[in-house]
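Undergrad: Okay, handing you the structure first.
Residue numbers (this note's numbering), protein chains in the order written: chain R, 5 to 365; chain A, 7 to 326.
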């Protein structure tokens, strides 16, 4: 057992930490890495939504309801955006030939608050009022769907992470206590978990929603959705952690920690729960989609994020109408965003699970 | 006053009708700086007795029905949870059988030793002290070792780390529960040498649990032999090894293989240790005892002092 001498050769001999091994194994899984890259991209865009979005989410263009997507195109060496005019009838638009405007980058536009508190008005791209850029078209109020999608992603994407954080913290601590103390404590906690899990989630969500007063501000609604989803979500987590704790508490290092005079709470938090971490990370990644979908369901039912605030769920309420859907299919853009996000989380979660599983290659 | 005095300790697993007596009337003492060995077959109650000192057997299922465990003159059976936390690691430290399982696999060893320091010597919880402790237990290049995870070390090194953790708080009593069973023979010798050396240097007492009578000769001042939850013989180590008195001790020593023997086969004690809750009436060793008589199965013999300092639980110890 000689310690590695500080020679350049020695580096190869030093064993990797568990995290380094985990990362190496993850890197070999291409689909998981793609999922991870997509998520990093989505979260970055959400963080800078105000800057990337060409318009404010509340801005209405009263001349262009249900406008189809307008994409800039190349004209020589310049990127230009065409102008559309409205034809008589039900929101039918036609491109006006030879009337284009160049797309400008880093232009001044609608005021917004970067990260929620830095006032700013610079946008990544934009054009003039006669030549708007509606990448994904507009909705029934003439609002840019692309911009609203970005603002909505701030809510929809963060709700998953914050919700998971809350419910997993609850689940870890309650499950850890239940498994560590076992006996009557365990029985009471587990029966309560089963009670929560036996109620159909959607009814529970809606009845919990009813306990909150109507007419709340959007940040209150946001917090409410997270609390409701976490109140339901922790039970499943607590059950699994309780099972793992039951086996971990019999490990000798737990006895060793007790023999050192460590308190029960610290043994749970410092010695038992960290040993469940690889499972928790995988489970968290795979559960984020449920929270995103939960917000979508609540907002779609009209009890979630309220207009004019944008979220992927309440944007889809516009697509409720079959008539609309037939004529203006771009209203479905949020569902594509949900689809991509959920898929990316699942890809990443599957890869994490394989990388954490020491039995696989 | 002795450092540790266990008096007539009785402990059951379970309560009332289902109660199974795991420790039955165990008494022994450990003086400051003394090494006492607890010897016996598997399942005879060595480990639960040792764990009881710091009340590490969870209650329930354990149930202490009688006796006292006086550590520094205070009964640990009557201590509150908070007091016990201070005793554990502070006055009595433990080293367990399987060092690989005793270390938390997800933390660097330096941090685990530091945790022990934080609990009992918070003013010294720093890297320098951790390195000093690792040096004390003979780990080479401790500066680079503190960053290691347990799985990067060999069994012997892991046991040294465990000993360093146990010593961090400078305990008065070190309980080593078969500390070398999981290690190979050369490493066993190293670990035992280390324990004797540390004992000399730090002046702590050691309670060593083992089923290896060779270790007893090297380490122990006194020996307590346990059988089926009772102490059957308690004696200074040298005398016990030279002239065992209880038939069980004799049988144990006969079953140690000898290098220069004429015997073709290993001699073994016939039968098994009786299962807890299924003890025979009277002397518990009687069914396996070569010199058992009828009256042996009638009454449990007393632990009697037959020579100064020598206690035997057998009235017929004089019969060979």
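All C-beta atoms in this analysis are idealised placements derived from N, C-alpha and C, irrespective of residue type, glycine included.
#1: Run through the segment 86–155 of chain R for me and flag every whole beta strand (DSSP E) of 3 or more residues, listed as ranges in chain order.
#2: Can you check whether the C-beta of residue 7 of chain A is within less than 8 Å of a C-beta belonging to chain R?
#3: Using CA coordinates, which residue listed in A/313, A/24, A/291 is at the minimum distance from residue 237 of chain A?
#4: Output the boundary residues of the alpha helix (DSSP H) element that contains residue 36 of chain A.
#5: Using only alpha-carbon positions, find the residue among R/310, R/303, R/344 that is nearest to residue 210 of chain R.
#6: Taking the runs of the alpha helix (DSSP H) that are 4 residues or longer, which of them lie wholly in the segment 313–345 of chain R?
#7: Do the segment 83–97 of chain R and the segment 129–141 of chain R make contact, defined as three or more Cβ pairs closer than 8 Å?
#8: With a 10 Å radius around its C-beta and 16 neighbouring C-beta atoms as the bar for buried, classify residue 230 of chain R as buried or exposed.
#9: For residue 153 of chain A, which three-state DSSP category applies?
#10: Is residue 80 of chain A close to chain R, meaning its C-beta is less than 8 Å from at least one C-beta of that chain?
#11: Which of the residues in the segment 265–289 of chain R, read from start to end, lie with their CB under 8 Å from any CB of chain A?
#12: Where does residue 78 of chain A fall in DSSP's three states?
#13: Report buried or exposed for residue 6 of chain R, applying the criterion of at least 16 other Cβ atoms within 10 angstroms of its Cβ.
#14: State yes or no: is the beta carbon of residue 1 of chain R nearer than 8 Å to at least one beta carbon in chain A?
#15: If the cut-off is 7 Å on Cβ atoms, which residues from the segment 233–260 of chain R count as contacting chain A, listed in chain order?
#16: In the segment 228–248 of chain A, which residues sit with their C-beta less than 9 Å from some C-beta in chain R, listed in chain order?
#17: Is the Cβ of residue 68 of chain A closer than 8 Å to any Cβ of chain R?
#18: So, with DSSP's three-state summary, where would you put residue 293 of chain R?
#19: Check residue 192 of chain A in the structure and name its three-state DSSP category.
#20: Taking only beta-carbon positions, decide if residue 112 of chain A is within less than 8 Å of chain R.
#21: Compute the Euclidean distance between the alpha carbons of residue 9 of chain R and residue 245 of chain R, then round it to the nearest angstrom.
#22: Going by DSSP, what residue range makes up the alpha helix (DSSP H) through residue 193 of chain R?
#23: So, under 8 Å CB-CB, residue 74 of chain A and residue 13 of chain A are touching, yes? Tell me the CB distance rounded to an integer number of Å.
#24: With a threshold of 8 Å between beta-carbons, can residue 263 of chain R be considered close to chain A, or not?
#25: Out of curiosity, what's the CA-to-CA distance linking residue 325 of chain A and residue 226 of chain A?
#26: Which of the three DSSP states is assigned to residue 43 of chain A in this structure?
#27: On the DSSP letters alone, give me the boundaries of the alpha helix (DSSP H) that residue 54 of chain A sits inside.
#28: Expressed to the nearest angstrom, what Euclidean distance is found between the alpha-carbon atoms of residue 2 of chain A and residue 95 of chain A?
#29: Assign residue 123 of chain R to one of two classes, buried (16 or more other C-beta atoms within 10 Å of its C-beta) or exposed (fewer than that).
#30: If we count Cβ pairs, one from each stretch, closer than 8 Å, do we get three or more for the segment 167–185 of chain A versus the segment 209–224 of chain A?
#31: Is DSSP giving residue 179 of chain A helix, strand or coil here?
#32: From the DSSP output, which residues share a beta bridge with residue 199 of chain A?
#33: According to DSSP, what are the bridge partners of residue 69 of chain A?
#34: Can you find at least 3 beta carbon pairs, one from the segment 20–31 of chain A and one from the segment 63–72 of chain A, that sit closer than 8 Å?
#35: Would residue 179 of chain A count as contacting chain R if we go by Cβ distances under 8 Å?
#36: Taking the beta carbon of residue 342 of chain R as the centre, do at least 16 other beta carbons fall within 10 Å, making it buried, or is it exposed?
TA: So, from the listed chains and residues:
#1: 96–106, 108–118, 122–130
#2: no
#3: A/291
#4: Where residue 36 of chain A is concerned, there is no enclosing alpha helix (DSSP H), although the beta strand (DSSP E) it sits in stretches over 26–36.
#5: R/303
#6: 316–320, 326–331
#7: yes
#8: buried
#9: coil
#10: no
#11: 265, 266, 267, 274, 275, 278, 279, 281
#12: coil
#13: Low local confidence applies: a pLDDT of 46 at residue 6 of chain R is under 50, so the model's placement there is unreliable, with the coordinate-based value given in what follows. Looking at its Cβ environment, which holds fewer than 16 other Cβ atoms inside 10 Å, residue 6 of chain R is exposed.
#14: A query on residue 1 of chain R cannot be resolved here, the shown segment of chain R reaching from 5 to 365 and no further.
#15: 255, 256, 257, 259, 260
#16: none
#17: no
#18: helix
#19: helix
#20: yes
#21: For residue 9 of chain R, the pLDDT reaches just 44, beneath the cut-off of 50, and the residue's location in the model is therefore unreliable, although a value from the coordinates is still provided. Going by the C-alpha atoms only, they are around 41 Å apart.
#22: 187–202
#23: 5 Å
#24: yes
#25: 27 Å
#26: strand
#27: 52–59
#28: Lying before the first or after the last residue shown, residue 2 of chain A is absent from chain A, which here runs from 7 to 326.
#29: exposed
#30: yes
#31: strand
#32: Answer is none; residue 199 of chain A lacks a bridge partner.
#33: A/18
#34: yes
#35: no
#36: buried
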